[in-house]
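For the record, the sequence lines run as chains A and B. So the first sequence is numbered by the numbering used here: it starts at 1 and just counts up by one. So the second sequence is numbered by the numbering used here: it starts at 1001 and just counts up by one. The structure appears right after this line, and notes come after that.
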Amino acid sequence: MTDEPMLRLFYAGWLFHLKNLTNSTFFLLIAVLQPIIFASITFFMFESGSRGGTLLYAALGAGLMGIWSSTLFGSGGAIQWQRWQGTLEILIAAPAPFLLVLVPLTLATASIGLYSICATLAWGRIFFSVPLHFAHPFQLAVALPTTVLSLGMLGLVLASTFVLYRHATAFSNLLEYPVWLVTGLLVPLSLLPGWVSWIAWTLAPSWGIRAIRAAAFGGSSAWPEIGMCAFLGVAYLGAGWLCLRNFERLARERATLALT
Amino acid sequence: VIAALRVFFVGGVISYRALFNWIRPGIYVTTMLGSPLFQILFFTYLGRYTHSESESFFVVGNAVQVSSMSAIYGMTMGIANERQFGTLQPLLATPANRLAVFAGRSLPFVANGLIVSAFGFGIGRLLLDFHPAARSLPVLALVVLVTTCSCTAFGLLIGSLGLRARDVFFGANLVYFVMLLVCGVNVANGDLPGWLAAIGRSLPLTHGIQAARGIADGAALGDVSRLVVVEALIGLAYGAVAYGLFRLFEAEGRRRASLETF
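Here it is as C-alpha cells:
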C-alpha cells in the first residue's frame, strides 16, 4: 500500500472506533465516571490526611488511571470482540495489513482515555478548587499525546496476546489495579518494594505520568520521560507486530480464526 | 411451605448453575480473588501515602466492600440474565412461589461474598498491618454476613430493574463505584460532605463497615449491635422494594407482552 491509502485507512479506522467507543455506556463509565469517582476518593483522602497541596497530583493520576482502564478493557478484548461480531475473518482477508486495521482500534481505546484527564481536571477544578497552573504547558501538550500513543501501542500488545487467553475480560479485570499501583499513578514507587520499579520501567503509564507531572509541576524537564514513553511505544509496536503475525499464522494453520 | 423451601434452596442452586455455567476456575480466581487482592493493596498503599487513616481502616473497609462484588453484580445477573438468556417467560409461567424463586437466587451470592471477604481479610493479615484478635473473628464473620445479605438485597433491586431497563449493567457498575466513594470504604463517612454522607448512610455497606471496624478494634458485638441492626434493616427495606418491583414488572410485562423485549 502507498502512504496515502494507509494514512486514510489509519485515520478512518481511528475515527470510527473513537465514535463507536464514545457511544458505549461501558466506556463512558470507565473513561469518565470511574476516574471522577476515584479522583474524588483520592481528593478526600488527601484532604483528610496530612499531605496537603497535592490535589492536582491526584487529578492527573486519576486521569491516567482512566486512560489505562479504557486501553486495558478496549484493547485487551479487541480481537475477541471482532470474533464475536463475526468481522475478524473479513478484516484478516482484507488486502490491508491486519496491523493497520488493529492499531487504529487500540489507539482509539487509549484516545478516549483523554476524556478521563479532562474529566478529572474539570471535576477537581469545579468541586475541589484544584489549581490548574501548569509549569510547562508546551511540554504537557507533547507529553499527553505521547502518553496516549504509547498506551495505544501497549494496547496492541494486549490485543495480540490476550487473544491466546480464552477469558480475556476476566484477565483485564485482574490487571486494572496492579498497573495503577506499580506504575505510580497515585502511590509513589518509593513506598512499594524495590523490585516493583523494574516492572514500572517497562510500562508506558509510569513514564507517561512522570512526564505529565514534570510538565505540570516543573522542577525538572519532562523531555527525558517523554522520550522514554516514545521509545516504549515503538518497542510495543514491534512486539505487537510480532505477536499479531504469529496469531494470524496460527489461526490460519489451525483454522481457528472464527472460534470463540 | 415445603414446595416453597424446595424452590428456595434447590431452585436457587439450579438457577446459579444455569445462569453462571460460564464460570471457570480461571475466571473466578482472576475476577473474584485477584481483583479484590489488588484493590485492597492499592487503597492501603494510597492510605499510607496520604496518611489519612490506619492500615486496618483500609483493610477492613475494602475486605467488607469486596463482598458486594458478588452481591451486586452476581445478583443483578441472577435476575436480569433470565431476560437476556430468553428464559424469563418459562420461569414466570410456572406457578412457583415468587418470593421463593426470587429470594432463593441470593444464597449462592451471599456464600460467594463471604468467601471473597474472608480472602480479603486473609490478605490483610498476611501482607498488611492487620492483626485482629482471634476472639473477634466469629463476630466479624457475623457482621460480614449481615452486610453481604444487605448488599445482596440491593443487588436484587438492581436485578429487578433489569426486567425493564435496557442496560442494567451500567447501573450495577456505577452503583458499585459510587459505593466505594460514599459508604466509608476508603474515606470515613464524617470526612465526606453532608449530602454524600447522607447518601452513604442510606445504602447498604456503610453501617456494616463501621461495625466491622469496631469489632476489629476490639469492640464487643453489643457495642456495635445498633449498627448491625441498621444494616440489616436497610437490607430488608431494599429487599422489600426489590420484590415489589419484581412483581410490578412481571405484571406489567404480562399486560404489555413485553417480558423479553428490549
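Note that beta-carbon positions come from the ideal geometry of N, C-alpha and C, so glycine has one too.
Run down chain A in chain order and give the residues with a C-beta less than 7 Å from the C-beta of residue i.
{"i": "residue 1199(B)", "result": "Those do not exist, as residue 1199(B) stays about 13 Å from chain A at its closest Cβ, beyond 7 Å."}
{"i": "residue 1050(B)", "result": "45, 46, 49 and 51"}
{"i": "residue 1181(B)", "result": "37, 40 and 41"}
Residue i to residue j, Cα distance in whole Å?
{"i": "residue 252(A)", "j": "residue 1027(B)", "result": "27 Å"}
{"i": "residue 111(A)", "j": "residue 144(A)", "result": "10 Å"}
{"i": "residue 1222(B)", "j": "residue 243(A)", "result": "60 Å"}
{"i": "residue 241(A)", "j": "residue 99(A)", "result": "7 Å"}
{"i": "residue 10(A)", "j": "residue 185(A)", "result": "30 Å"}
{"i": "residue 1142(B)", "j": "residue 1226(B)", "result": "14 Å"}
{"i": "residue 1010(B)", "j": "residue 1183(B)", "result": "34 Å"}
{"i": "residue 1002(B)", "j": "residue 1033(B)", "result": "36 Å"}
{"i": "residue 1013(B)", "j": "residue 1031(B)", "result": "21 Å"}
{"i": "residue 1137(B)", "j": "residue 1094(B)", "result": "43 Å"}
{"i": "residue 213(A)", "j": "residue 1155(B)", "result": "40 Å"}
{"i": "residue 37(A)", "j": "residue 255(A)", "result": "44 Å"}
{"i": "residue 1193(B)", "j": "residue 1007(B)", "result": "45 Å"}
{"i": "residue 1057(B)", "j": "residue 5(A)", "result": "57 Å"}
{"i": "residue 1025(B)", "j": "residue 1039(B)", "result": "20 Å"}
{"i": "residue 62(A)", "j": "residue 215(A)", "result": "17 Å"}
{"i": "residue 1042(B)", "j": "residue 1125(B)", "result": "15 Å"}
{"i": "residue 46(A)", "j": "residue 210(A)", "result": "20 Å"}
{"i": "residue 1046(B)", "j": "residue 187(A)", "result": "5 Å"}
{"i": "residue 246(A)", "j": "residue 1044(B)", "result": "40 Å"}
{"i": "residue 1105(B)", "j": "residue 1234(B)", "result": "19 Å"}
{"i": "residue 1089(B)", "j": "residue 1163(B)", "result": "11 Å"}
{"i": "residue 1205(B)", "j": "residue 1147(B)", "result": "6 Å"}
{"i": "residue 1153(B)", "j": "residue 135(A)", "result": "50 Å"}
{"i": "residue 120(A)", "j": "residue 83(A)", "result": "34 Å"}
{"i": "residue 169(A)", "j": "residue 77(A)", "result": "6 Å"}
{"i": "residue 1261(B)", "j": "residue 157(A)", "result": "39 Å"}
{"i": "residue 1232(B)", "j": "residue 115(A)", "result": "39 Å"}
{"i": "residue 1253(B)", "j": "residue 1004(B)", "result": "24 Å"}
{"i": "residue 1128(B)", "j": "residue 1051(B)", "result": "15 Å"}
{"i": "residue 1247(B)", "j": "residue 1191(B)", "result": "39 Å"}
{"i": "residue 57(A)", "j": "residue 118(A)", "result": "14 Å"}
{"i": "residue 1092(B)", "j": "residue 1098(B)", "result": "8 Å"}
{"i": "residue 1195(B)", "j": "residue 236(A)", "result": "46 Å"}
{"i": "residue 262(A)", "j": "residue 1015(B)", "result": "Here chain A has residues from 1 to 260 only, and residue 262(A) is not among them."}
{"i": "residue 1259(B)", "j": "residue 1250(B)", "result": "7 Å"}
{"i": "residue 1168(B)", "j": "residue 222(A)", "result": "43 Å"}
Am I right that residue i and residue j are in contact with their C-beta atoms under 8 Å? What's the rounded C-beta distance?
{"i": "residue 1066(B)", "j": "residue 1117(B)", "result": "6 Å"}
{"i": "residue 109(A)", "j": "residue 70(A)", "result": "5 Å"}
{"i": "residue 124(A)", "j": "residue 66(A)", "result": "Wrong, their Cβ atoms sit about 13 Å apart, outside the cutoff."}
{"i": "residue 1120(B)", "j": "residue 1063(B)", "result": "3 Å"}
{"i": "residue 13(A)", "j": "residue 105(A)", "result": "7 Å"}
{"i": "residue 1144(B)", "j": "residue 1114(B)", "result": "6 Å"}
{"i": "residue 103(A)", "j": "residue 59(A)", "result": "About 29 Å separates the two Cβ atoms, so there is no contact after all."}
Which bits of chain A does residue i rub up against, with CB to CB less than 9 Å?
{"i": "residue 960(B)", "result": "Here chain B comprises residues numbered 1001 to 1262, so residue 960(B) is not present and cannot be evaluated."}
Please list the partners that residue i has in chain B, where partner means a Cβ-to-Cβ separation under 7 Å.
{"i": "residue 187(A)", "result": "1045, 1046 and 1049"}
{"i": "residue 170(A)", "result": "1026, 1027, 1030 and 1031"}
{"i": "residue 177(A)", "result": "1035, 1038, 1039 and 1042"}
{"i": "residue 75(A)", "result": "Residues of chain B passing the Cβ test: none, with the nearest at roughly 17 Å."}
{"i": "residue 180(A)", "result": "1042"}
Along chain B, in chain order, which residues have C-beta atoms closer than 8 Å to that of residue i?
{"i": "residue 173(A)", "result": "1030, 1031, 1034 and 1035"}
{"i": "residue 33(A)", "result": "1174 and 1177"}
{"i": "residue 191(A)", "result": "1045, 1048 and 1049"}
Whose Cβ in chain B lies nearer than 9 Å to the Cβ of residue i?
{"i": "residue 26(A)", "result": "1167, 1169, 1170 and 1173"}
{"i": "residue 29(A)", "result": "1170, 1173, 1174 and 1177"}
Looking at chain C, is there any beta carbon in it that lies within less than 8 Å of the beta carbon of residue i?
{"i": "residue 1017(B)", "result": "In summary, chain C is missing from the structure at hand, where the protein chains are A and B."}
_Positions along the stretch 1015-1035 of chain B whose CB lies within less than 7 Å of some CB in chain A_ = 1024, 1026, 1027, 1030, 1031, 1034 and 1035
_Contact list for the stretch 123-141 of chain A against chain B, Cβ threshold 8 Å_ = none
*asked:* For the structure I just gave you, are there three or more beta carbon pairs, one from the stretch 1215-1231 of chain B and one from the stretch 1076-1095 of chain B, closer than 8 Å?
replied: no
*Please determine if the stretch 135-153 of chain A and the stretch 199-208 of chain A are in contact, where contact requires at least 3 C-beta pairs separated by less than 8 Å.*
yes
*Scan the stretch 1186-1215 of chain B for residues whose Cβ lies nearer than 8 Å to a Cβ of chain A and list them as they occur along the chain.*
1186, 1187, 1188, 1191 and 1192
_Against chain B, which members of the stretch 57-86 of chain A pass a CB distance test of less than 8 Å?_
none
*Answer yes if the stretch 215-230 of chain A comes into contact with the stretch 84-103 of chain A, meaning at least three C-beta pairs across the two stretches below 8 Å, and no otherwise.*
no
*Evaluate the contact criterion for the stretch 1204-1218 of chain B versus the stretch 71-83 of chain A: three or more CB pairs, one atom per stretch, below 8 Å.*
no
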